[in-house]
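Visitor: Got a structure for you, written out below as structure tokens; questions coming shortly.
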Amino acid sequence: MAQIQESVEIERTPQEVFEVLTDLDRLVLWATMVVENHDLPDGPLQSGDSFRQTLRVAGLNLETEWTVLEVDPPRQVMYEAQAAGGGRLHMAQRVTEAGAGCRVEVDVDYDLPGGFLGEALDRLYVERRNQREAKHTLENLKDLMESL
Numbered sequence: 614m615a616q617i618q619e620s621v622e623i624e625r626t627p628q629e630v631f632e633v634l635t636d637l638d639r640l641v642l643w644a645t646m647v648v649e650n651h652d653l654p655d656g657p658l659q660s661g662d663s664f665r666q667t668l669r670v671a672g673l674n675l676e677t678e679w680t681v682l683e684v685d686p687p688r689q690v691m692y693e694a695q696a697a698g699g700g701r702l703h704m705a706q707r708v709t710e711a712g713a714g715c716r717v718e719v720d721v722d723y724d725l726p727g728g729f730l731g732e733a734l735d736r737l738y739v740e741r742r743n744q745r746e747a748k749h750t751l752e753n754l755k756d757l758m759e760s761l
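Numbering (our numbering), first residue to last: 614 to 761.
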């Protein structure tokens with residue numbers, strides 16, 4: 614199982630950041646791997662909600678099904694996802710006060726689906742790329758939030 618841990622400080626309140634962080638309609642604006650969302654829940658996220666996403670991983674599209682495990686505004690949201698071929702992901706996003714703004718921490722544990730990489734791609738390459746994508750995603754969130 615691979616892991617990603619990234620964080621960023623944002624000059625906005627935890628509430629403001631949490632609202633954007635959990636607004637699935639806006640994910641494509643800042644989450645670099647999200648290509649498209651499908652079957653999004655109505656209203657604010659709640660535990661038990663589910664939705665689908667098309668993610669771009671190492672240049673390939675990956676269809677995923679997500680379940681919201683926990684929502685604790687404005688502190689934390691937790692998800693799990695399944696992909697065709699057995700890929701799994703567990704993600705926690707935490708928002709804490711930090712100075713005049715807040716800190717967003719993302720912890721992800723994942724297994725890529727069997728056969729997804731094939732023989733041509735190196736698993737270590739994909740893991741490093743996913744780490745860079747997580748960092749870039751949080752930088753995008755920071756830029757978006759601080760431009761509002």
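Yeah, the Cβ is synthetic: ideal placement off N, Cα and C, and Gly gets one too.
Everything numeric in this text was worked out from a predicted model, so none of it was measured.
(1) To which residues does DSSP link PHE664 through a beta bridge?
(2) What does a CB cutoff of less than 7 Å around LEU640 pick up in its chain, not counting 5 residues either side in sequence?
(3) Determine, using beta carbons only, whether ARG669 and THR677 come nearer to each other than 8 Å.
(4) Taking just the CA atoms, how far does ALA615 sit from GLU683?
(5) Taking the alpha-carbon positions, what's the LEU673 to ILE623 distance?
(6) Since ALA696 is in the alpha helix (DSSP H), which residue starts that stretch and which ends it?
(7) Just how far apart, CA to CA, sit THR626 and GLN659?
(8) Tell me which same chain residues have a C-beta within less than 7 Å of the C-beta of ARG742, skipping the five on either side of it?
(9) Which of the three DSSP states, helix, strand or coil, is assigned to ASP638?
(10) For LYS755, which of helix, strand or coil comes out of DSSP?
(11) Taking just the CA atoms, how far does GLU693 sit from THR661?
Guide: For this structure:
(1) In the DSSP assignment, PHE664 forms a beta bridge with TRP679.
(2) Excluding positions up to five away in sequence, the list reads VAL647, ASN650.
(3) The Cβ-Cβ distance between ARG669 and THR677 does not fall below 8 Å.
(4) Distance from the CA of GLU683 to the CA of ALA615, rounded to the nearest whole angstrom, comes to 22 Å.
(5) Taking the straight line joining both Cα atoms gives about 31 Å.
(6) Per DSSP, ALA696 belongs to no alpha helix (DSSP H); it is in the beta strand (DSSP E), 689-696.
(7) If I take the Cα positions, the gap works out to 21 Å.
(8) Counting only Cβ-Cβ distances below 7 Å, and skipping sequence neighbours, we find ALA671.
(9) Helix, per DSSP.
(10) The three-state secondary structure of LYS755, taken from DSSP, is helix.
(11) Thr is not the amino acid found at residue 661; the sequence shown has Gly there. Cα-Cα distance, rounded: 11 Å.
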